[in-house]
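According to the numbering used here, the stretch in the sequence shown is residues 527 to 1076, in order. Below is one structure, written out as structure tokens, with a few remarks after it.
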Amino acid sequence: MSSATKRFLTFGLGLLLINALSAFIYTRVDLTEDKRYTLSGGTQQLLGTLPARVHVDVFLTGKLPPGFKRLETAVRETLDEFEAEAGSNISFRFIDPIAGTSEAQLQLLERLAKLGLQPTNLFANQGGTRTEQLIVPGAVISYEGKEAGVLLLKGNKAASPAEQLNQSYEGVEYQLAAAIRRLTQPEGSRKRVGLVFGHTQVPPERFSDLLASIQEQYDLFFVDLKKPGPVEGVDALLVLKPDQPFAENEVFKLDQYVVKGGKALFFVDGTRVDSVSVQGSYAQPLSIGLDDLFFNWGARINRNVIKDLACGVIPLNVGTLGDKPNVQLVPWRFYPVLNSFGDSPITRNMDAVASRFLSTMDTVRTKGIQKTVLLKTSPYTTVLNLPALIAYNEARQQPDPATYTGGVKMAGVLLEGEFTSLFANQLLPDSLKQGFRAKSQAGKVLICSDGDMMVNDVDYKRKAPLPLGYDRFSQKQFANKEFALNAIDYMIDPKGLIMARTREVPLRPLDTIKLGQERTWWQAINVLGPLGLLAVGGLVWQFFRRRRYA
């Protein structure tokens, strides 16, 4: 047998062996710099333990502009990775929502609207002609007769369209995985969230949207601190807009819950705005007995109120229009809009958060506690010390930017680490000594200086609650609910699905000036370059062939 024949047989046997092994060994290698084809650990765990088949219908497809085409490609690639991880338990398809008859389109769009997926009109100028295109940037996930809508176009609306699309690109994995988790979670495996009640006069319907959203993912329980015994059996504890003081034994229970490794979220006002005069409302200090506890943890809510040029609006009668009052939407600088965030999975690529009568916060040095600022105001602020008059006439006046030089103020902070008890060096009664811990395993605390962040508005005509973060005056949807749900998710499972929000895909825009100047050159390179390489390769091959066989 000749050496050439041996080499041929060896090569053939090697291919057969590799092909046989590939049926038993499966591997994929992500060679991209930003690891865009690598799923987070939490997503892999979720997909690897799916109890039954999940199907995904994606409606972001068809004849799309380049930016949305890139987002469609990201969704397709992500679902390919989901399928590679989950096998036959994941299936998907892409559906053009504007294909088919008009009646079928209408029925589909009505179905998607009920799932929270509203169509979006895209406007563009092509060849001097204005064009309009209807798209649905969303997907529907189905599991055992249940459905959930997933909005794929997310991100901060203050960013440029290209940046917002890139933020949506980065969030595809989390949006899809979070919806799959909501649908597939078994009843017995859901985490437990406790809500402290009895300390607020806000009616229950003003918290209804947040609580309903929490119940989609977690089991919700009410916690009464007045009952005997410690706070136990909940994975996270919510304290929403308290306006009634906490007794010392209630503060002790909150302290021990955190010291024993609990996770607590506080949305607390530093200001009470409830007394009304002819000139306006009076803002007064609000103390509910948590100041020492917060200070011991490393944070402080100050007794003041912030005015911010980046703010929401209120309707105001600015005069008359004929014989009718002229009501206009005017900026109300006591309603800051928070659009500056810290570096955290909770706030990454998040839209702005609305607040009302916000107070400033400070952090204090606390050993063993890591502090992450989550929410910040704009740099154009001024601070009023309390008590202060919040004059109605304030909205009529044109603000002087020279007086808004207070700088960026903190409105929310995350504290992580080993907390020391506020009661560590105090004499405790015998009833509290049992089970007391001065310092223990790591816990987490989130504190925001505005309770209204978690209060939804109400549609008084329909007598129905509005989504949390929706401003009925400006008809804008802010990210208050997303902030709360992200925070709870991070508190309960910091290494889980929330880590998918840390994905970063850098935007690499082309130099438009060079592109215009060198377009012809690069077009020629791309068209003629491959042909030239083929010609050179052919000539080299012929040269060596003739040299060998001449």
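Think of the CB as a built atom: it goes at the ideal place given N, C-alpha and C, for glycine as much as any other residue.
Identify the continuous alpha helix (DSSP H) that holds S904 and give its terminal residues. Taken as a continuous stretch (DSSP letters only), S904 belongs to no alpha helix (DSSP H), as it is neither H nor E.
Among E670, V784 and L835, which has the Cα closest to the Cα of W823? In terms of Cα proximity to W823, the closest of E670, V784 and L835 is V784.
Using the rule of at least 16 other Cβ atoms within 10 Å of the residue's Cβ for burial, across every protein chain shown, is F999 buried or exposed? Classification of F999: exposed, given that the 10 Å Cβ count is below 16.
Beta-ladder partner(s) of F636, from DSSP: Looking at the sequence provided, one finds Glu at residue 636 rather than Phe. Looking at the DSSP output, E636 shares a beta bridge with no other residue.
From L632, T604, L643 and L780, pick the residue whose C-alpha is nearest to that of R619; which is it? It is T604.
What first and last residue would you give for the alpha helix (DSSP H) that runs through R718? No alpha helix (DSSP H) contains R718, which is instead part of the beta strand (DSSP E) from R718 to V722.
Under three-state DSSP, which class holds E670? Residue state, collapsed to three classes: coil.
Starting from the N-terminal side, write out each stretch of the alpha helix (DSSP H) that is 4 residues or longer and does not extend beyond the region 986 to 1035. Listed in chain order, they are 1006 to 1018.
How far does the alpha helix (DSSP H) with Y700 in it extend, from its first residue to its last? That run of the alpha helix (DSSP H) goes V698 to T710.
Go to P592, then tell me how far its alpha helix (DSSP H) extends in each direction, as first and last residue. Element bounds for P592: P592 to A612.
With 16 other CB atoms within 10 Å as the buried threshold, where does K589 fall? Looking at its Cβ environment, which holds fewer than 16 other Cβ atoms inside 10 Å, K589 is exposed.
With distances taken between CB atoms, is the gap from V839 to P862 smaller than 8 Å? Not in contact: V839 and P862 (Cβ atoms no closer than 8 Å).
First and last residue of the uninterrupted beta strand (DSSP E) at L746: Taken as a continuous stretch (DSSP letters only), the beta strand (DSSP E) holding L746 covers D745 to V749.
Taking the Cβ atom as the reference point for each residue, do V580 and I706 lie within a distance shorter than 8 Å? Yes. Within cutoff.
Tell me the residue span of the beta strand (DSSP E) that contains L573. Careful: L573 lies outside any beta strand (DSSP E), inside the alpha helix (DSSP H) at G567 to G574.
Which residue's Cα is closest to the Cα of F1009: Y906, W1048, R874 and K897? Of the residues Y906, W1048, R874 and K897, the one whose Cα lies closest to the Cα of F1009 is R874.
Do you know how far the Cα of Y986 is from the Cα of A937? About 30 Å.
V728 lies in the beta strand (DSSP E); which residues open and close that run? DSSP places V728 in no beta strand (DSSP E); its state is neither H nor E.
Within this structure, are the beta carbons of F733 and L766 separated by less than 8 Å? At a Cβ-Cβ threshold of 8 Å, F733 and L766 count as neighbours.
Helix, strand or coil for P862 per DSSP? Here P862 carries a strand assignment [DSSP, helix/strand/coil].
Given a threshold of 16 other Cβ atoms within 10 Å of its Cβ, counted over all protein chains shown, does V934 qualify as buried or as exposed? By the neighbour-count definition (other C-beta atoms within 10 Å, threshold 16), V934 is an exposed residue.
Looking at C-alpha atoms only, which residue of R533, L709 and V676 is the closest neighbour of S694? That would be V676, whose Cα lies nearest to the Cα of S694.
Would the beta-carbon of G787 fall within 8 Å of that of A968? For the pair G787 and A968, the CB atoms are nearer than the 8 Å cut-off.
Return the first residue and the last residue of the beta strand (DSSP E) that F618 is part of. For F618, the enclosing beta strand (DSSP E) stretches over residues I616 to F620.
Alpha carbon of A546 to alpha carbon of L678, nearest angstrom: Those two C-alpha atoms are separated by around 40 Å.
Whose C-beta lies closer than 7 Å to the C-beta of L660 among residues of the same chain, with five residues either side of it excluded? Here the set comprises I624, P645 and N647.
Nearest-angstrom Cα separation, counted from R963 out to S947: Distance between the alpha carbons of S947 and R963: 7 Å.
For S975, count the other beta carbons within 10 Å of its own beta carbon; 16 or more makes it buried, fewer makes it exposed. Which is it? By the Cβ neighbour-count rule, S975 is buried, with 16 or more other Cβ atoms within 10 Å of its own.
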